[in-house]
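Take a look at the structure below.
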Amino acid sequence: MTFDQLPPRRQHQLMAFDRLLTIMDELREQCPWDRKQTMETLRHLTIEETYELSDAILEGDRTEIKKEIGDLMLHMVFYSKIGSEAPREDATRFDVADVLHGICDKLVSRHPHIYGDVVAETEAQVKANWEQLKLKEGNKSVLGGVPQSLPALVKAMRIQEKARGAGFDWDEKQQVWEKVEEEMQEFKAEFNVDNGEPIDAQRAEGEFGDLLFSLVNYARFIDLNPETALERTNKKFIKRFQYLEERARANGQALHEMTLAEMDVYWNEAKVVV
Numbered sequence: 011m012t013f014d015q016l017p018p019r020r021q022h023q024l025m026a027f028d029r030l031l032t033i034m035d036e037l038r039e040q041c042p043w044d045r046k047q048t049m050e051t052l053r054h055l056t057i058e059e060t061y062e063l064s065d066a067i068l069e070g071d072r073t074e075i076k077k078e079i080g081d082l083m084l085h086m087v088f089y090s091k092i093g094s095e096a097p098r099e100d101a102t103r104f105d106v107a108d109v110l111h112g113i114c115d116k117l118v119s120r121h122p123h124i125y126g127d128v129v130a131e132t133e134a135q136v137k138a139n140w141e142q143l144k145l146k147e148g149n150k151s152v153l154g155g156v157p158q159s160l161p162a163l164v165k166a167m168r169i170q171e172k173a174r175g176a177g178f179d180w181d182e183k184q185q186v187w188e189k190v191e192e193e194m195q196e197f198k199a200e201f202n203v204d205n206g207e208p209i210d211a212q213r214a215e216g217e218f219g220d221l222l223f224s225l226v227n228y229a230r231f232i233d234l235n236p237e238t239a240l241e242r243t244n245k246k247f248i249k250r251f252q253y254l255e256e257r258a259r260a261n262g263q264a265l266h267e268m269t270l271a272e273m274d275v276y277w278n279e280a281k282v283v284v
């Protein structure tokens, strides 16, 4: 199709994207800050923007979600612009068209049940096919695609998802829960909860890691995202603690001078209010 043959909505979308590309060209040429940026200097800003989008999603704030998606799209366009500035003879040179065609080609090749003759009628079959295709493309390990720098909780989830895609997983959730209970007992033994003997910190840490990993596995098995669950609890705790602080301040009290029992009064109020 030519541009004029596209539906009006798609024309509108493409024109908006063209506007972003044009502004990026202008900023890269004319703005001292934008001219100075490299992929390395943008990296930490991109991570920050990603977390800001995550926060907006957890808060269910669609206005902020739209804003943060825009910020991330700007970063993707910025990286593509920098990539296009490499010398033409540089084999690593790329522009935004190369990026977009690359992801389109990958999506087509990774969905043979849509664009080919492979049958995949369930989500599990789609994921299994996806991992097998990645191995055929050159990945030496099913786990090779898990970024090393992922936060540990997210990484545990991704490791387990990929192992499941290769067929390495429990059959029933009860089996997974039994593993959680087994790891809990092993951790309790290392932690010496009952006898109060000195703790071997390294062994206790290892057992605690095993316990967390098994809990993440159970959460995955019952379709809970442990990262989302923990972050919601973090946010709930922050709101309740800030309520406690505000109530204490309003009554002329300082937290460091209050007993735990006194603070619990406000905390229990917060559990009702927040």
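Okay, so the sequence shown: first residue is 11 according to the working numbering, each after it adds one. Glycine included, C-beta positions come from ideal geometry on N, C-alpha and C. The structure displayed is predicted, hence computed values, not measured ones.
Three-state secondary structure assigned by DSSP to residue i
i	result
Leu225	helix
Thr12	coil
Asn278	helix
Asp204	coil
Asp210	coil
Pro18	helix
Candidates the options, of which the one nearest residue i by Cα
i	options	result
Tyr228	Gln184, Gly262, Ala271	Gln184
Glu182	Lys150, Met167, Ala176, Arg230	Arg230
Val186	Ile169, Gly175, Ile232, Ser151	Ile232
Glu164	Ala134, Thr238, Leu117, Ser119	The question names Glu, but residue 164 in the sequence shown is Val. When each option's Cα is compared against that of Val164, the closest is Thr238.
Residue i: CB within 7 Å of a non-hydrogen atom of the ligand GTP
i	result
Lys77	Of the ligands one can find in the structure shown there are none, so the ligand GTP has no counterpart to examine.
Alpha-carbon spacing of residue i relative to residue j, whole angstroms
i	j	result
Glu217	Asp210	11 Å
Glu62	Lys172	26 Å
Asn149	His266	55 Å
Met86	Gly219	35 Å
Asn139	His123	9 Å
Glu272	Asn244	22 Å
Ala166	Gln40	44 Å
Ala107	Lys91	10 Å
Val156	Thr132	23 Å
Leu234	Lys249	23 Å
Phe88	Met34	7 Å
Val118	Gln135	16 Å
Ile53	Thr60	Residue identity check: residue 53 is Arg in the sequence provided, not Ile. Spanning the two alpha carbons is a distance of roughly 11 Å.
Residue i burial status per 10 Å Cβ neighbour count (16 or more: buried)
i	result
Ala264	exposed
Glu78	buried
Ser159	exposed
Phe247	exposed
Tyr125	exposed
Arg20	exposed
Glu58	exposed
Ser224	buried
Residue i at chain D interface by Cβ criterion, 8 Å
i	result
Glu267	Absent here is chain D; the protein component of the structure consists of one chain.
**Prompt:** Where are the alpha helix (DSSP H) runs, 4 residues long or more, that stay fully inside the stretch 228–275, in chain order?
**Reply:** 236–260
Original post:
Of all the alpha helix (DSSP H) runs that stay within the bounds of the stretch 37–106, which reach a length of 4 or more residues?
Top reply: 42–46, 49–69, 72–94
Quiz prompt | Secondary structure, alpha helix (DSSP H): runs of 4+ residues fully inside the stretch 100–186 | solution = 106–120, 122–125, 133–146, 162–175
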